[in-house]
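Numbering (our numbering), first residue to last: 2 to 406.
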């Protein structure tokens with residue numbers, strides 16, 4: 002049964018059938034959906050409509066009005082609908098989050114694409130309207146970082162510019178939480194990740210997508226994108242100092258060898274040091290016109306070398322590794338038994354993840370896929386090494402964690 006209610010009466014467990022307003026201005030990509038978390042409660046209450054239709058046959062009804070309380074339908078002030086706390090978000094497995102994350106990836110690509118196309122024409126409307134998207138990305142990451150981050154890693158080269166920004170947004174949120182930043186700063190870090198490469202829209206596509214080595218002149222053009230993005234964001238409305246800073250300084254290096262200003266050590270802000278790590282991780286794990294992406298574990302190994310060489314803040318990089326795990330989702334590993342498998346979920350244990358085994362090195366043949374939880378007590382199995390899928394001529398190891406989830 003459908004029922005129209007004031008938007009301030011929305012609560013977790015309801016099924017939203019329709020907004021009483023134009024979906025053209027809606028922050029949601031679905032016309033109807035279950036309100037299954039506090040973050041969605043907050044987003045619906047603040048989506049700009051006064052009333053919504055709910056389906057009480059598919060979700061909970063309005064809470065009974067206590068005696069002596071305000072009359073039903075009395076509007077609530079903005080102060081009565083505070084932003085939801087990220088601490089209220091319960092963690093789930095990769096399998097439980099994957100479908101929701103996949104929908105979010107598709108919506109994010111469209112939303113970021115529209116924003117970047119505006120930027121390509123030299124203008125950018127109020128970017129604060131992207132905050133609901135940032136909050137959805139943040140909520141997915143906090144439920145399980147492996148799902149969204151791993152899905153975005155599988156992006157096609159044509160989608161790189163847009164989904165790279167989504168990935169850096171997600172990684173910035175995860176890293177900000179690991180560093181103990183408060184909820185508002187976590188949000189601003191996510192927004193900074195979403196906007197960090199907006200200046201790439203000032204770089205011609207034939208340079209961005211060039212399969213070969215860039216000339217000195219072309220590389221000079223690319224190196225101008227942080228300043229170009231910074232100028233564009235300054236002209237927009239409601240851009241936080243954090244987003245401006247990360248946009249301008251995410252290519253600075255800890256040893257002072259970066260650009261555009263050659264800042265060194267703590268001359269680089271905390272947020273820009275975070276942005277540098279998140280930006281590089283997604284870049285090197287992604288397929289590009291000029292290079293195939295490295296697997297997550299190999300990427301972390303390379304970044305550890307670069308950290309020793311002075312590229313990244315070692316404290317920030319160590320926190321980042323703890324975020325995504327020593328064996329991120331999608332990593333090909335060898336077990337003590339000689340079986341090879343792909344990391345499926347590392348939520349419970351970074352050192353003892355769930356692994357989907359599919360190949361025996363003893364018989365050099367494929368075996369029926371099986372999920373093994375290495376954290377189970379008494380299990381006589383463990384990871385002995387990381388493996389290179391290309392060396393084994395495995396065409397697509399990601400399908401094992403995708404289909405298992």
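Beta carbons are placed, not taken as given, at the ideal position from N, Cα and C, and that holds for glycine.
| Item | Value |
| --- | --- |
| Rounded straight-line distance, which links the Cα of residue 112 to that of residue 67 | Here residue 67 scores only 41 on pLDDT, less than 50, and its place in the model is too uncertain to base an answer on. |
| Neighbourhood of residue 399 by C-beta, 7 angstroms cutoff - its chain only, sequence neighbours within 5 removed | 155, 331 |
| Counted within 10 angstroms of its Cβ, other Cβ atoms place residue 17 as buried (16 or more) or exposed | buried |
| Pick from 43, 48, 38 that is closest to residue 60, judged by C-alpha positions | 38 |
| Local Cβ density within 10 Å of residue 206, reported as buried at 16 or more and exposed below that | exposed |
| Same chain only: Cβ atoms within 8 angstroms of residue 81, ignoring 5 sequence neighbours per side | Note that residue 81 scores 39 on pLDDT, short of 50, meaning its location in the model is unreliable; the coordinates nonetheless yield the value given after this. Counting only Cβ-Cβ distances below 8 angstroms, and skipping sequence neighbours, we find 9. |
| CA-to-CA distance, residue 354 to residue 374, given in whole angstroms | 6 angstroms |
| Euclidean distance between Cα positions of residue 217 and residue 226 | 15 angstroms |
| Counterpart residues of residue 340 in DSSP-defined beta bridges | 361 |
| Which listed residue (56, 349, 203, 313) has its alpha carbon closest to that of residue 3 | 56 |
| From 381, 357, 386, 364, residue whose alpha carbon lies closest to that of residue 372 | 357 |
| Given 8 angstroms, three or more beta-carbon pairs between the segment 147 to 164 and the segment 259 to 269 | no |
| Through-space distance from residue 364 to residue 174, alpha-carbon basis | 43 angstroms |
| Identity of the residue in 183, 52, 158, 251 nearest residue 194 by Cα | 251 |
| Start and end residues, alpha helix (DSSP H) containing residue 115 | 95 to 121 |
| Status (buried if at least 16 other CB within 10 Å, exposed otherwise) for residue 122 | exposed |
| First through last residue of the beta strand (DSSP E) which encompasses residue 386 | 384 to 387 |
| Segment contact flag, the segment 324 to 342 with the segment 303 to 310, C-beta cutoff 8 angstroms, min 3 pairs | no |
| Other residues of its chain near residue 90: CB distance less than 8 angstroms, five sequence neighbours each side excluded | 38, 39, 40, 140, 143, 144 |
| Residue 232 versus residue 240: straight-line alpha-carbon distance, rounded | 11 angstroms |
| Beta-carbon proximity of residue 101 to residue 324, cut-off 9 angstroms | no |
| Under the three-state DSSP convention, the category residue 18 falls into | strand |
| Separation of residue 337 from residue 383, as counted between CA atoms | 5 angstroms |
| Residue of 94, 274, 245 minimising C-alpha distance to residue 253 | 274 |
| Per-residue burial, residue 329 [other beta carbons within 10 Å of its own, 16 or more giving buried] | buried |
| Per-residue DSSP class, three states only, for residue 78 | At residue 78 the pLDDT is 38, less than 50, meaning the model places this residue with poor confidence; the figure from the coordinates comes in the next sentence. If DSSP states are grouped into helix, strand and coil, residue 78 belongs with coil. |
| Run of the beta strand (DSSP E) containing residue 214, from where it starts to where it stops | Premise fails: residue 214 is in no beta strand (DSSP E) and is neither H nor E. |
| Contact set for residue 285: own chain, Cβ-Cβ below 6 angstroms, skip 5 residues either direction | 295, 300 |
| DSSP-derived helix/strand/coil call for residue 378 | coil |
| Own chain residues within Cβ distance below 6 angstroms of residue 256, not counting five before or after | 311 |
| Residue 356, DSSP secondary structure in three states | strand |
| Near the ligand ZN: residue 163 beta-carbon under 8 angstroms from a heavy atom | Here there are no bound small molecules, and the ligand ZN is not part of this structure. |
| N-terminal and C-terminal residue of the alpha helix (DSSP H) that residue 40 is part of | 39 to 46 |
| For residue 141, three-class secondary structure by DSSP | helix |
| Residues sharing a beta bridge with residue 366, DSSP | 361 |
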